[in-house]
Amino acid sequence: MAGPCASCADSLGPQPLLRAPTGIDHLWALASYAGPGGRIVRSIKYANGRTPVAALGFAMAALVADTPDLVTWVPTTVERRGQRGFDQAEVLARAVAAATDRPCRRLLARAPGPSQTSLGARERRRGPPFRARSAGAGLRVLLVDDVTTTGASLSAAAGALRAAGVTAVSAVVVAATPPGTAGNRARSPARSIGSPRGRTR
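Following this line, the structure appears as structure tokens:
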């Protein structure tokens with residue numbers, strides 16, 4: 000399966016402002032999951048399509064209002080990483096870090112359990128459990144993921160980072176799932192946000 004071209008990534012525009020999940024200071028999304036953004040995410044995640052990654056990194060970095068001290072990512076499950084041979088969120092985070100000239104570090108570990116896409120809406124809202132490494136007090140961290148749906152994964156990750164001493168957590172994703180369509184994404188894997196804290200992948 001051929002992946003989308005870099006110019007397709009360049010053509011994506013930022014999504015309208017939405018409320019960020021609890022624990023996230025600002026959240027930006029490059030595209031809606033319903034459209035080219037979703038196709039690009041699925042190409043990276045399920046077909047290891049790396050062609051647009053560098054362009055996505057620059058485009059995502061351009062959305063971020065304040066330069067972070069470091070970049071990290073929302074890790075996928077160990078099982079999914081083993082199946083795919085990579086973590087798509089890590090690939091994207093390293094591209095964003097390169098575009099911002101900031102360090103990229105693995106700060107989060109995800110406890111064993113099902114992926115968010117395999118869960119129903121109620122289970123998704125609880126978010127997966129994370130543990131965070133100490134990154135040093137007072138740091139501003141940019142959290143990267145491929146998609147946000149309910150915001151629960153971002154919120155859970157931010158909570159773990161703050162418990163480890165991180166002062167400020169913002170997030171940027173490739174795509175946001177439109178309201179009311181989370182179930183469709185969960186059933187069919189092949190198929191900005193920027194604002195102050197407040198709501199709840």
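So for the sequence shown, numbering that gives the first Met the number 0 puts the first residue at 0; every next one is plus one. Using N, Cα and C, we set each Cβ at its ideal position, and we do this for glycine too.
Reduced DSSP category for residue i - H, G, I as helix; E, B as strand; rest coil
i: V168; result: strand
i: T71; result: strand
i: R109; result: strand
i: A175; result: strand
i: P20; result: strand
Whole-angstrom distance between residue j and residue i, CA atom to CA atom
i: A60; j: T76; result: 25 Å
i: Q115; j: A58; result: Any reading at Q115 must be qualified, since the residue scores a pLDDT of 48, below 50, and its modelled position is unreliable; the value itself is stated next. Going by the C-alpha atoms only, they are around 25 Å apart.
i: D144; j: R83; result: 16 Å
i: V40; j: G150; result: 17 Å
i: R101; j: G36; result: 25 Å
i: A162; j: A131; result: 8 Å
i: A46; j: E89; result: 16 Å
i: A155; j: T21; result: 9 Å
i: R198; j: A19; result: Below a pLDDT of 50, predicted positions are generally treated as unreliable, and R198, at 38, falls in that range; no measurement from the model is reported.
i: R79; j: Q87; result: 10 Å
i: F129; j: A159; result: 6 Å
i: A175; j: A28; result: 6 Å
i: G81; j: A53; result: 23 Å
i: A92; j: G56; result: 7 Å
Residue span of the beta strand (DSSP E) that contains residue i, given as start and end
i: F129; result: 129–131
i: L142; result: 139–147
i: A28; result: 26–31
Check whether residue i and residue j have beta carbons under 8 Å apart
i: V168; j: D24; result: yes
i: L107; j: V73; result: yes
i: T66; j: T99; result: yes
i: L153; j: L138; result: no
i: A134; j: V165; result: yes
i: G48; j: S42; result: yes
i: A30; j: V173; result: yes
i: P127; j: Y32; result: no
Residue burial classification, residue i (beta-carbon count within 10 angstroms, cutoff 16)
i: V140; result: buried
i: A64; result: exposed
i: P51; result: buried
i: A110; result: exposed
i: A238; result: Any property of residue 238 remains undetermined from this structure, which presents the chain solely from 0 to 200.
Where the alpha helix (DSSP H) containing residue i begins and where it ends
i: G158; result: 151–162
i: R38; result: 35–46
i: A94; result: 87–99
i: V63; result: V63 -> no alpha helix (DSSP H), and no H or E assigned at all.
i: G81; result: 77–83
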